[in-house]
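Structure, as structure tokens:
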Amino acid sequence: MKFGISKEPINIQEVIDHVVQRNAGAITTFIGTVRELTKGKKTLFLIYEAYESMAIKKLEQIGTEIRERWQGAEVAIVHRVGKLDITDVAVVIAVSTPHRADAYEANRYAIERIKEIVPIWKKEHWEDGQEWIGDQLEKVSYPEGKPEAKHLDE
Amino acid sequence: MKFGISKEPINIQEVIDHVVQRNAGAITTFIGTVRELTKGKKTLFLIYEAYESMAIKKLEQIGTEIRERWQGAEVAIVHRVGKLDITDVAVVIAVSTPHRADAYEANRYAIERIKEIVPIWKKEHWEDGQEWIGDQLEKVSYPEGKPEAKHLDE
Amino acid sequence: MNNVLFFAHLKDEVGVESLQIEAKGKSVLALKQEVHETYGLSSIDSVMTAINEEFAEDDDVIQEGDTIAFIPPVSGG
Amino acid sequence: MNNVLFFAHLKDEVGVESLQIEAKGKSVLALKQEVHETYGLSSIDSVMTAINEEFAEDDDVIQEGDTIAFIPPVSGG
Numbered sequence: 001m002k003f004g005i006s007k008e009p010i011n012i013q014e015v016i017d018h019v020v021q022r023n024a025g026a027i028t029t030f031i032g033t034v035r036e037l038t039k040g041k042k043t044l045f046l047i048y049e050a051y052e053s054m055a056i057k058k059l060e061q062i063g064t065e066i067r068e069r070w071q072g073a074e075v076a077i078v079h080r081v082g083k084l085d086i087t088d089v090a091v092v093i094a095v096s097t098p099h100r101a102d103a104y105e106a107n108r109y110a111i112e113r114i115k116e117i118v119p120i121w122k123k124e125h126w127e128d129g130q131e132w133i134g135d136q137l138e139k140v141s142y143p144e145g146k147p148e149a150k151h152l153d154e
Numbered sequence: 155m156k157f158g159i160s161k162e163p164i165n166i167q168e169v170i171d172h173v174v175q176r177n178a179g180a181i182t183t184f185i186g187t188v189r190e191l192t193k194g195k196k197t198l199f200l201i202y203e204a205y206e207s208m209a210i211k212k213l214e215q216i217g218t219e220i221r222e223r224w225q226g227a228e229v230a231i232v233h234r235v236g237k238l239d240i241t242d243v244a245v246v247i248a249v250s251t252p253h254r255a256d257a258y259e260a261n262r263y264a265i266e267r268i269k270e271i272v273p274i275w276k277k278e279h280w281e282d283g284q285e286w287i288g289d290q291l292e293k294v295s296y297p298e299g300k301p302e303a304k305h306l307d308e
Numbered sequence: 309m310n311n312v313l314f315f316a317h318l319k320d321e322v323g324v325e326s327l328q329i330e331a332k333g334k335s336v337l338a339l340k341q342e343v344h345e346t347y348g349l350s351s352i353d354s355v356m357t358a359i360n361e362e363f364a365e366d367d368d369v370i371q372e373g374d375t376i377a378f379i380p381p382v383s384g385g
Numbered sequence: 386m387n388n389v390l391f392f393a394h395l396k397d398e399v400g401v402e403s404l405q406i407e408a409k410g411k412s413v414l415a416l417k418q419e420v421h422e423t424y425g426l427s428s429i430d431s432v433m434t435a436i437n438e439e440f441a442e443d444d445d446v447i448q449e450g451d452t453i454a455f456i457p458p459v460s461g462g
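Protein chains in written order, with the numbering used here: chain C, 1 to 154; chain F, 155 to 308; chain S, 309 to 385; chain Z, 386 to 462.
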């Protein structure tokens, strides 16, 4: 699947295979992994949950946004759900473009947009408790009730 | 091999495996592939040649530079040599860091440094001829006779 | 009738993944406040709403059969 | 004696991968010019030099047994 939600471990090479093209000189991937320490607190494991049907649409939307902004770009994104242990892969984003600068920028755009508009949530489990994480809770406000595309290259 | 020159196709997952760490939340990879069209000219295939022993030292040096500049970073780089066809993988750079911004920046630094200091050359073969490419020939001058580290985040 | 979906901490607080609610003709904001009061949700200020899998505005009006989802701040990636 | 290595277009022009040259006591620049003239190389202005796999300056002096490599502008990646 080129844009998908996966209950099984993600095969990174398969995601990359979706963006191979004869006129790409560069492929970048972003692989989000479960980190043990966040602000000194030790994570035991995570649970990812998705509103799957909408999440897939939003991943596809990010792909469309990227192809509109970066000429010749191809994109594939797969996000994992379920229980993930430390170092497990939560998300893989692959972007190919003719030239390398675009491949980095477009890939970065994809992960930032995932954190804005894709309905996926993580619940962190520590030794002393658990909590649903809402990263954007205090950082982002949505005056129009929904997140808008923003330029990351400012 | 964490820093290497390979005569065989590069296994991307193996390069990634070298940078997996419990305190990385992000892994970026850069995969350089052989592009068919450059400035409208059609490439048939490429030959990559390396001064192998020195190239490995220089790849290791880039790894050291990155670990010094980006705290907690791990790096692995493998470059292919020999004949490569269109879409074949020429280089794989994997970088892991605790946070994602660093993973993109450090990875970008690695590919720029490869193009400055690692003794590897490509010969392009077109329908009407062939030529050793010296990308930096007219773009970079080395007043001190050798390339120096430069900041890419300016 | 309308299918109303809850995710993450909202699902935990409401205690179910979805409810059947008659919401035809109501604004998104009105339904949000109704659900907030009925289920004593801790916070809905930062919660977004989707109608049929697309983000909706607070003043959008719900139609018969629409699927409504309350979307807490996302944390994927 | 010194082993002198050529790569990419330099190798094509010289016709061999390496030569044994007595270069002890010479500067990098002097050896460069000598090789340039002897083999009629098209250009050495942009060529870097490595001594024992480390980049060297034009005024570095070559020691007995050093391996010298002429490094055309690189194009890996």
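Glycine included, each C-beta is placed from N, C-alpha and C at the ideal position.
Given the structure is predicted, the values throughout are model-derived calculations rather than measurements.
Pick from C:Lys57, C:Glu49, C:Lys42, C:Tyr48 that is closest to S:Asn360, judged by C-alpha positions: Ranking the options by Cα distance to S:Asn360, first place goes to C:Lys57.
C-alpha gap between C:Ile5 and F:Phe157, whole angstroms: So the two alpha carbons sit approximately 33 Å from each other.
Length of the line joining the Cα atoms of Z:Asp451 and Z:Phe392: Rounded to whole angstroms, Z:Asp451 to Z:Phe392 spans 17 Å at the Cα level.
Coarse secondary structure for C:Ala50, derived from DSSP in three states: Of the three classes helix, strand and coil, the one that applies to C:Ala50 here is strand, per DSSP.
Straight-line Cα distance separating C:Gln21 from F:Thr241: Answer to the nearest angstrom: the Cα atoms are 7 Å apart.
Among C:Leu84, C:Arg69, C:Gln61, nearest to C:Ala76 - alpha-carbon criterion: Residue C:Gln61 is the option with its Cα nearest to C:Ala76.
Chain C contacts from the region 340-362 of chain S (Cβ-Cβ distance under 7 Å): Close to chain C, meaning a Cβ-Cβ distance shorter than 7 Å, are the following residues of the region 340-362 of chain S: Ser354, Met356, Ala358, Glu361.
Contacts that C:Lys115 makes with chain S (C-beta to C-beta distance below 8 Å): Those are Val382, Ser383, Gly384, Gly385, listed as they occur along chain S.
Whole-angstrom distance between F:Ala248 and F:Lys276, CA atom to CA atom: Looking at the two C-alpha atoms, the distance is approximately 22 Å.
Contact set between the region 36-59 of chain C and chain F, restricted to residues whose Cβ is under 7 Å from the partner: Residues of the region 36-59 of chain C whose Cβ lies closer than 7 Å to any Cβ of chain F, in chain order: Glu36, Leu37.
Nearest-angstrom Cα separation, counted from C:Ile114 out to C:Glu49: Roughly 14 Å separates the two Cα atoms.
Which of helix, strand or coil DSSP assigns to C:Arg22: C:Arg22: coil per DSSP, three-state reduction.
Closest by C-alpha distance to F:Val188, when choosing among F:Leu198, F:Ile265, F:Gly179: Looking at F:Leu198, F:Ile265, F:Gly179, the one whose alpha-carbon comes closest to that of F:Val188 is F:Leu198.
F:Val246 vs F:Ile164 beta-carbon contact at 8 Å: In terms of Cβ geometry, F:Val246 and F:Ile164 form a close pair [threshold 8 Å].
Start-to-end residues for the beta strand (DSSP E) that takes in Z:Asn388: Segment 387-391, the beta strand (DSSP E) holding Z:Asn388.
Between the CA atoms of F:His172 and F:Met208 - distance to the nearest angstrom: Straight-line Cα distance between these residues: approximately 21 Å.
Z:Val389 and Z:Ile456 closer than 8 Å at C-beta: By the CB criterion at 8 Å, Z:Val389 and Z:Ile456 fall outside the cutoff.
DSSP three-state assignment for F:Ile210, whether helix, strand or coil: DSSP places F:Ile210 in helix when its eight states are reduced to three.
CB contact check: C:Ala90 to chain S, cutoff 8 Å: Chain S contact via Cβ: present.
Minimum Cβ-Cβ distance from C:Tyr142 to chain S less than 8 Å: Model confidence at C:Tyr142 stands at a pLDDT of 37, short of 50, so the residue's coordinates are unreliable; what they give is reported in the following sentence. With 8 Å as the cut-off, C:Tyr142 counts as an interface residue toward chain S.
S:Ile359 in three-state terms, based on DSSP: In the three-state scheme derived from DSSP, where H, G and I count as helix and E and B as strand, S:Ile359 is classed as strand.
Z:Val432 classed as buried or exposed, judged by whether at least 16 other C-beta atoms fall within 10 angstroms: With 16 or more other CB atoms across the displayed protein chains lying within 10 angstroms of its CB, Z:Val432 is buried.
Minimum Cβ-Cβ distance from F:Tyr258 to chain C less than 8 Å: By the rule that beta-carbons nearer than 8 Å mark a contact, F:Tyr258 touches chain C.
For Z:Asp397, three-class secondary structure by DSSP: Z:Asp397: helix per DSSP, three-state reduction.
Where the beta strand (DSSP E) containing F:Val235 begins and where it ends: F:Val235 -> no beta strand (DSSP E), and no H or E assigned at all.
Contact set between Z:Leu390 and chain F, taken where Cβ atoms lie within less than 8 Å: Contact of Z:Leu390 with chain F by beta-carbon distance below 8 Å involves Tyr205.
Neighbour flag for C:His125 against chain S, beta carbons, 8 Å: Not closer than 8 Å to any Cβ of chain S, the Cβ of C:His125 fails to qualify, so no.
Neighbour flag for C:Arg22 against chain F, beta carbons, 8 Å: Yes, C:Arg22 lies at the interface with chain F (some Cβ there is under 8 Å from its Cβ).
Cutoff 8 Å: F:Pro163 Cβ touching any chain C Cβ: It does not: the Cβ of F:Pro163 has no partner Cβ on chain C nearer than 8 Å.
contact_flag[the region 327-344 of chain S, the region 365-372 of chain S] where n(CB pairs < 8 Å) is 3 or more: Touching, yes.
Alpha-carbon spacing of Z:Pro458 relative to F:Lys237, whole angstroms: Z:Pro458 and F:Lys237: Cα-Cα distance of roughly 20 Å.
F:Asp239 versus F:Glu278 - alpha carbon distance: If you take the alpha carbons of F:Asp239 and F:Glu278, they lie about 11 Å apart.
Rounded straight-line distance, which links the Cα of C:Ile120 to that of C:Thr38: So the alpha carbons of these two residues sit roughly 19 Å apart.
Inter-residue CB distance, C:Ile16 and C:Ile31 (contact presumed, cutoff 8 Å): 11 Å between Cβ atoms; not a contact.
Sequence-distant residues of the same chain with beta carbon closer than 7 Å to S:Tyr347, five excluded per side: Cβ neighbours of S:Tyr347 beyond the five flanking positions: Glu321, Val322.
Separation of C:Met1 from C:Trp70, as counted between CA atoms: Those two C-alpha atoms are separated by around 22 Å.
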